[in-house]
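In what follows, a single structure is set out as structure tokens and then discussed.
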Amino acid sequence: MNFKSVPEIWAAIQQGQWRKPTSGLAPGYTQANVVILPKKEAFDFLLYCYRNEKPCPIIDVTDPGQPSPPVAGPHADIRYHVPRYRVYRHGELEKEVDDIAELYTDDMVTFLIGCSFTFEEALIQAGIPVRHIEENRNVPMYITNIQTTPAGIFSGPMVVSMRPMPEAMAQQAAEITAPFRKAHGGPVHIGDPAAIGIKDIHRVDFGEPPVIREGEVPVFWACGVTPQMALKNAKPPLVITHSPGYMFITTITEEELRRQ
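Under numbering that gives the first Met the number 0, think of the first position of the sequence shown as 0, with each following residue one higher.
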């Protein structure tokens, strides 16, 4: 589908016309991970993000019960405008749903966290392959042995996304993505997956298995699915997130995010 604007994408999602991963969608605009939780746990989660900016860079935070992100989408409705949501109760995944209208309450705070999908257009423009877009797949994501800094009830391992590319392009990719601090910035690791606790690169924890060609190396970026690991450890009564790879499309441009 060809969309002319971000509001058109929101409408298509709400009407059930787009239920796929959002990588490659809305080039030039910032994508965001979503965490929605009651006000009671919101400060601890805010502190967790502050202490772990690499995997959890905050783009926007709502007031309790405010469904429209004031900076990232003042005309959006977070209850309907994510292609797929995950519902966690006491740290366990209960279900995935298409909207959260029946679950959303007036004490819920929404956090929008930067996503590496945002810088993919810059990589493509530089001639660097983004394989999951080429193959029309969800990005591969892995739980690592890198531990985040705890805050309040939240702690856990970092999750990373991976993009394979020719070894000669890895440094250029790092330089291109470094300025996107609010979209995880430069890579956290290049090369041997075992060094960060990934035993089998073809066995993903989230997303879809990668297609890696001869002469390519895996390049790993911090991933906004990291909070879902912390939420599983904290076990709050109810938390709603995006399903990995199914992001919220903001009205913040890629260039605006790069300057932040």
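Glycine is no exception: its CB is placed at the ideal position from the N, C-alpha and C atoms.
{"query": "What do you reckon, are the CB atoms on Asp106 and Pro63 nearer than 9 Å?", "result": "yes"}
{"query": "With a threshold of 16 other CB atoms inside 10 Å of the CB of Glu174, please say whether the residue is buried or exposed.", "result": "exposed"}
{"query": "What distance in whole Å lies between the Cβ atoms of Phe247 and Ala100, which are believed to be in contact at a cut-off of 8 Å?", "result": "Between Phe247 and Ala100 the Cβ distance is about 16 Å, and since that is not below 8 Å, they are no contact."}
{"query": "Keeping to the same chain, check which residues put their C-beta closer than 7 Å to that of Thr148; ignore five residues upstream and five downstream.", "result": "Arg50 and Asn51"}
{"query": "Using the Cα positions of Pro163 and Val216, report the straight-line distance between them to the nearest angstrom.", "result": "5 Å"}
{"query": "Any idea if Ala75 is buried or exposed, counting beta-carbon neighbours within 10 angstroms, 16 or more meaning buried?", "result": "buried"}
{"query": "Let me confirm a value: Asp59 is counted as buried when at least 16 other C-beta atoms fall within 10 Å, else exposed. Which label applies?", "result": "buried"}
{"query": "Under three-state DSSP, which class holds Met0?", "result": "coil"}
{"query": "What residue range does the beta strand (DSSP E) around Lys19 cover?", "result": "Unbroken run through Lys19: none, as it is neither H nor E."}
{"query": "Can you tell me where the alpha helix (DSSP H) holding Arg202 begins and where it ends?", "result": "Where Arg202 is concerned, there is no enclosing alpha helix (DSSP H), given that its DSSP letter is neither H nor E."}
{"query": "Since Tyr103 and Arg78 are thought to touch, with beta carbons under 8 Å apart, how far apart are those beta carbons, to the nearest angstrom?", "result": "5 Å"}
{"query": "Compare the C-alpha of Pro226 against each of Leu24, Ala11, Val34 and His201 and name the closest.", "result": "Val34"}
{"query": "Beta strand (DSSP E) containing Lys94: first to last residue?", "result": "Glu91 to Val96"}
{"query": "Kindly confirm or deny that the stretch 115 to 128 and the stretch 188 to 206 touch, where touching means at least three C-beta pairs closer than 8 Å.", "result": "no"}
{"query": "Applying the criterion that 16 or more other CB atoms from any shown protein chain within 10 Å of the CB defines a buried residue, is Arg212 buried or exposed?", "result": "exposed"}
{"query": "What first and last residue would you give for the beta strand (DSSP E) that runs through Ile145?", "result": "Met140 to Gln146"}
{"query": "Of the residues Gly155, Ala71, Leu237 and Gln170, which one's Cα is nearest the Cα of Ala229?", "result": "Gly155"}
{"query": "Mark Glu134 as exposed unless 16 or more other C-beta atoms lie within 10 angstroms of its C-beta, in which case mark it buried.", "result": "exposed"}
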